[in-house]
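These notes concern the structure reproduced below.
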Amino acid sequence: MINSMDEAPEVSLTGYTTHYGYGRKPSEMKKTKRRFSSWWTSFSVRGSWWDSIFVASCVIAVSLDPLFFYIPIIDREKKCLEADIKLRNVTLLLRSLMDITFIVHIIYQIREAMIAAASDKMATQEESKFLCFFEYVDAIVDNLSLRSLITDILAVLPIPQVLLLVVFFKMRGSGYLDHRKILNFFLLAQYLARIYRMHLSSKKLTKSHGIWIKGLFNFFLYIFASHVLGAFWYFFSIQRETSCWHRSCGHNCTSTFYCDEYKHSDDMVTLITSLNASCPINATGPFDFGIFLDSLMSNNTASTNFPQKLCYSFWWGLRNLSNFGTNLVTSNYVWENLFAILISIIGLLLFLYLIGNVQTFMSMETEKSEEIRRKIKSKEQDMKVWMEKNCLPANLRKEIMANIREKLEQDKHADMENLFSILPWSTKKSLKRVLCMSTLRKVPMLEGMNPKVLKMICDYLKPVIYPEHSYVAKVDEPVDRMVLVTEGTMWIYSSNTSTPSKIHRTVENGDIYGDEQLLSWASKDMQHVSFATLPISKENVKCHTRVEGFAITAKDLKAVATKCKMYWNYDDPREKERVASSTIGTSFRRNRNNPNRPATVGVGAATSPRTRIEYLQKRT
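Taking full-length UniProt numbering, I'd label the letters of the sequence shown as residues 1 to 620.
Structure representation (structure tokens):
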């Protein structure tokens, strides 16, 4: 049912919707609201993704804007201005595409402010379902960054399109010079807004990325400044020549010097002759073109070859930016001197900015090295105590410390608490055997077991960490692993509803849980060993503290028993005879088929199982 007009609109955390809904059913409005909210929620989640795209669009936009300055071209024969139509169309299209990202970013900022405003209001007015519309608008304004929003609006205004493509070609009369100053001011103002927008976005991006992104950004600033200064130099060169034309023409000149308005007549021929005499393109002429003479004499401003004049102007900007504009020979024209001063200041600032970043980078590297050194020293003390406690051999100690140093140098935030995560496979293998072999030999069912079996069990062990108060096993659950504890304490107790729980025993450093159950399961007839027959726990196993250790799963233990069946101590004597018969028979057939190996004497297919077992025991 549609609410009355006196009722305030409802505000949700994902936006605001009104219940006026003229011409639409409430169900349709709810569906539209859910789709819109879902889309914006996913868009907000990808905020960092959008920030990267927006920074890239800002960089492209500020690199495209100087191309507008290359659209005017001077026709030396007719003494008029014409436009590069192809460049104009391409530049307008690219600029429009970049403006779309600015518009989306403006909407994105407003949307984020709306969500924040709704959250604040709901937090302070939980008892009220509806919010006052005007209070909601005030909350949006409070949560909105007006500086960023105004910058985006100024950056998206089509100022270059209007001023360069319309106003510049229509200026005429005695007020031309004053109008040109106003035009330059607006062009520079919007360009500064775009650069400032790029600075705000890139500042956030460089904080979240590494030193290489910052280095590339510094290099881009240098190239970008050369590109912009070269484009302004080209555009100001055209302005200086047209200024000479207007001064020569005098106050009664009504021509815009636009080639589309050119009409061949005696008066026009006279005007062109007068301009050739008053504004010759040379160093000794009556009009001093100053730093723009090079562009005019090289016919750069008259060229229709865009790549050629772009590269020439870029090289001029890069060359003078590198030497801080010290080689520029200016006239006494004030704005020309200000432009030369600007080049010198920009070059100096970029140089200081680069030096400052280099110093920052060096100090960061020094601090990083010192932090790594302190961390290594602290870790060495802990590792020495731990290695002495576990009686590690000297060669293994050196190998472990070398790996720790290498890992910390690569990443100072590396996880040093989990030692096995930073060690290579070969070092892990050796360390597990040193730590676990002595404990495995204490297990009753592994006493007298061939060392090859124990080594293979060690190789299958995986490091595990159990949080405090977590359960390793519970009553009536399968025992699917054998845990060797190296640090911490586990409690084993029964859980019976009729009697209170009582701790039967504890598993501490050097103890094993699950050895009796799993080893008995793996020692059965191999034809009957399956996961369906896994032993069932009759006790609860709970970690009293944080427990570190190693574990081997039932699957891996079964694999060890299968691979080492000729060494495994089976419970069933018939299984021992079957394994011995199978193993020796395979060995006999291999020897018989290989003429290069001597035949086994005294053992054949007809040998009794007892004899085969005795032979197997002699071999092992």
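All residues carry an ideal CB built from backbone N, CA and C; glycine is no exception.
### Query
Based on the DSSP output, what are the partners of residue 491 in its beta bridges?
The count along the sequence shown starts at 1 and reaches residue 491 at position 491. According to DSSP, which records beta bridges pairwise, residue 491 is partnered with 506 and 542.
### Query
Going by other Cβ atoms of all chains shown within 10 Å of its Cβ, with 16 needed for buried, is residue 185 buried or exposed?
The residue given as residue 185 occupies position 185 in the sequence shown. It counts as exposed.
### Query
Candidates 400, 469, 394 and 517: which alpha carbon is nearest residue 542's?
Reading the sequence shown from its first residue, position 542 is the one you call residue 542. Taking residue 542 as reference, the option from 400, 469, 394 and 517 with the minimal CA-CA separation is 469.
### Task
To the nearest angstrom, report how far apart residue 63 and residue 395 are at their CA atoms.
Residue numbering aside, residue 63 sits at position 63 when the sequence shown is read from its first letter. Residue numbering aside, residue 395 sits at position 395 when the sequence shown is read from its first letter. Their backbone Cα atoms lie some 59 Å apart in a straight line.
### Query
When the distance is taken between beta carbons, is residue 83 closer than 8 Å to residue 66?
Position 66 of the sequence shown, counting from 1, holds the residue named residue 66. Position 83 of the sequence shown, counting from 1, holds the residue named residue 83. Cβ distance not < 8 Å, so residue 66 and residue 83 don't count as in contact.
### Other residues of its chain near residue 485: CB distance less than 8 Å, five sequence neighbours each side excluded
For the purposes of this step, residue 485 is taken as the residue at position 485 of the sequence shown. The beta carbon of residue 485 sits closer than 8 Å to the beta carbons of 507, 508, 509, 510, 511, 512, 513, 547, 548 and 549 from its chain, once the five residues preceding and following it are set aside; these are given in chain order.
### Message
Can you tell me where the alpha helix (DSSP H) holding residue 460 begins and where it ends?
### Response
Locating residue 460 in the sequence shown gives position 460, where the first residue counts as 1. Per DSSP, residue 460 is one residue of the alpha helix (DSSP H) stretching across 451-460.
### Message
Using CA atoms only, rank isn't needed, just tell me which of 418, 458, 440 and 182 is closest to residue 465.
### Response
By one-based count along the sequence shown, residue 465 stands at place 465. Cα-wise, what sits closest to residue 465 is 418.
### Enclosing alpha helix (DSSP H) for residue 74 [first to last residue]
By one-based count along the sequence shown, residue 74 stands at place 74. It is not in any alpha helix (DSSP H) - residue 74 instead sits in the beta strand (DSSP E) that spans 72-75.
### Task
Taking the CB atoms as reference points, tell me whether residue 301 and residue 238 lie closer together than 8 Å.
Taking the first residue of the sequence shown as position 1, residue 301 is located at position 301. Taking the first residue of the sequence shown as position 1, residue 238 is located at position 238. Taking the C-beta atoms as reference points, residue 238 is found nearer than 8 Å to residue 301.
#### Entry: Exposed unless 16 or more other CB atoms sit within 10 angstroms - verdict on residue 410
Translated into positions along the sequence shown, residue 410 becomes position 410. With fewer than 16 neighbouring CB atoms inside 10 Å of its own CB, residue 410 falls in the exposed class.
### Three-state class that DSSP yields for residue 284 in the structure shown
The residue you call residue 284 lines up with position 284 of the sequence shown. In this structure, residue 284 counts as coil in the three-state DSSP scheme.
### Task
Would you list the residues sitting across from residue 82 in a DSSP beta bridge?
Working through the sequence shown from its first residue, we reach residue 82 at position 82. Looking at the DSSP assignment, residue 82 forms a beta bridge with 73.
### Inter-residue Cα distance where the pair is residue 558 and residue 377
As a working note, residue 558 is residue 558 in the sequence shown. As a working note, residue 377 is residue 377 in the sequence shown. About 43 Å.
### Query
Do three or more CB pairs link the stretch 218-229 to the stretch 315-335 at distances below 8 Å?
These segments touch.
### Query
Out of 281, 307 and 287, which has the shortest C-alpha to C-alpha gap to residue 298?
Numbered from 1 along the sequence shown, position 298 holds the residue referred to as residue 298. When 281, 307 and 287 are compared, the shortest CA-CA separation from residue 298 is found for 281.
### Query
Thinking just about the alpha-carbon of each residue, which of 269, 391, 219 and 424 is nearest to the one in residue 406?
Residue mapping note: residue 406 aligns to position 406 of the sequence shown, counting from 1. Relative to residue 406, the option among 269, 391, 219 and 424 whose CA is nearest is 424.
### Query
Applying the criterion that 16 or more other CB atoms from any shown protein chain within 10 Å of the CB defines a buried residue, is residue 364 buried or exposed?
Position 364 of the sequence shown, counting from 1, holds the residue named residue 364. The residue is exposed, with fewer than 16 neighbouring Cβ atoms inside 10 Å.
### Task
Quick one: grab the DSSP three-state call for residue 422.
Translated into positions along the sequence shown, residue 422 becomes position 422. Three-state result, residue 422: coil.
#### Entry: Endpoints, alpha helix (DSSP H) assigned at residue 353
Residue numbering aside, residue 353 sits at position 353 when the sequence shown is read from its first letter. Residue 353 -> alpha helix (DSSP H) spans 334-389.
### Message
Distance check for residue 341 and residue 356, CA to CA, integer angstroms please.
### Response
As a position in the sequence shown, residue 356 is number 356, starting the count at 1. As a position in the sequence shown, residue 341 is number 341, starting the count at 1. Residue 356 and residue 341 have their C-alpha atoms spaced approximately 22 Å apart.
### Query
Secondary structure at residue 257, three-state DSSP: helix, strand or coil?
For this step, residue 257 is matched to residue 257 along the sequence shown. Here DSSP, grouped into helix, strand and coil, assigns residue 257 to coil.
### Message
Among the candidates 57, 69 and 492, whose CA atom is the shortest distance from the CA of residue 538?
### Response
Taking the sequence shown and counting its residues from 1, one reaches residue 538 at position 538. Closest by C-alpha distance to residue 538, out of 57, 69 and 492, is 492.
### Task
Using three-state DSSP, classify residue 553 as helix, strand or coil.
Here residue 553 corresponds to residue number 553 of the sequence shown, with the count starting at 1. Strand, per DSSP.
### Task
Please report the residue range of the beta strand (DSSP E) in which residue 472 lies.
For the purposes of this step, residue 472 is identified with residue 472 of the sequence shown, where counting begins at 1. Segment 471-473, the beta strand (DSSP E) holding residue 472.
### Query
Do you know how far the Cα of residue 524 is from the Cα of residue 382?
In the sequence shown, counting from the first residue as 1, residue 382 sits at position 382. In the sequence shown, counting from the first residue as 1, residue 524 sits at position 524. Taking the straight line joining both Cα atoms gives about 44 Å.
### Residue from 275, 115, 555 and 453 whose Cα sits closest to the Cα of residue 479
Counting from one through the sequence shown, the residue named residue 479 turns up at place 479. Just measuring C-alpha positions, the residue of 275, 115, 555 and 453 sitting nearest residue 479 is 555.
### Message
Please state whether the Cβ-Cβ distance between residue 551 and residue 483 is less than 8 Å.
### Response
Within the sequence shown, the letter at position 551 stands for residue 551. Within the sequence shown, the letter at position 483 stands for residue 483. With a cutoff of 8 Å on beta-carbon distance, residue 551 and residue 483 are scored as near each other.
### Message
Assuming residue 268 is part of the alpha helix (DSSP H), what are its boundary residues?
### Response
What you label residue 268 is simply residue 268 of the sequence shown in a count that begins at 1. Per DSSP, residue 268 belongs to the alpha helix (DSSP H) from 266-278.
### Message
Between 544, 460 and 450, which has its C-alpha nearest residue 488's C-alpha?
### Response
Taking the first residue of the sequence shown as position 1, residue 488 is located at position 488. Measuring from the Cα of residue 488, the nearest candidate turns out to be 544.
### Query
For residue 420, which residues from the same chain have a beta carbon less than 7 Å from its beta carbon, with the 5 sequence-adjacent residues on both sides left out?
Within the sequence shown, the letter at position 420 stands for residue 420. Correct list, in chain order: 428 and 463.
### Task
Enumerate in chain order the residues of its own chain whose CB-to-CB distance from residue 445 is below 6 Å, with the five nearest sequence positions on each side excluded.
Residue mapping note: residue 445 aligns to position 445 of the sequence shown, counting from 1. In chain order, 519 place their CB closer than 6 Å to the CB of residue 445, counting only its own chain and leaving out the 5 sequence neighbours on each side.
### Query
In chain order, what residues of the same chain lie with their CB nearer than 7 Å to the CB of residue 344, ignoring the 5 residues before and after it?
Locating residue 344 in the sequence shown gives position 344, where the first residue counts as 1. Excluding residues within five positions, the ones whose Cβ falls inside 7 Å are 324 and 325.
### Message
Let me check understanding here. Comparing Cα to Cα, which of 162, 95 and 438 lies closest to residue 59?
### Response
One-based indexing of the sequence shown puts residue 59 at position 59. Nearest C-alpha to residue 59: 95.
#### Entry: Three-state secondary structure assigned by DSSP to residue 157
The sequence position of residue 157 within the sequence shown is 157, counting from 1. In the structure shown, residue 157 sits in coil (DSSP, three-state: anything other than H, G, I, E or B).
### Query
Do residue 375 and residue 408 come within 8 Å of each other at the CB atom, strictly closer than that value?
Your numbering for residue 408 matches position 408 in the sequence shown. Your numbering for residue 375 matches position 375 in the sequence shown. It is a contact, given that the beta carbons lie within the stated cut-off.
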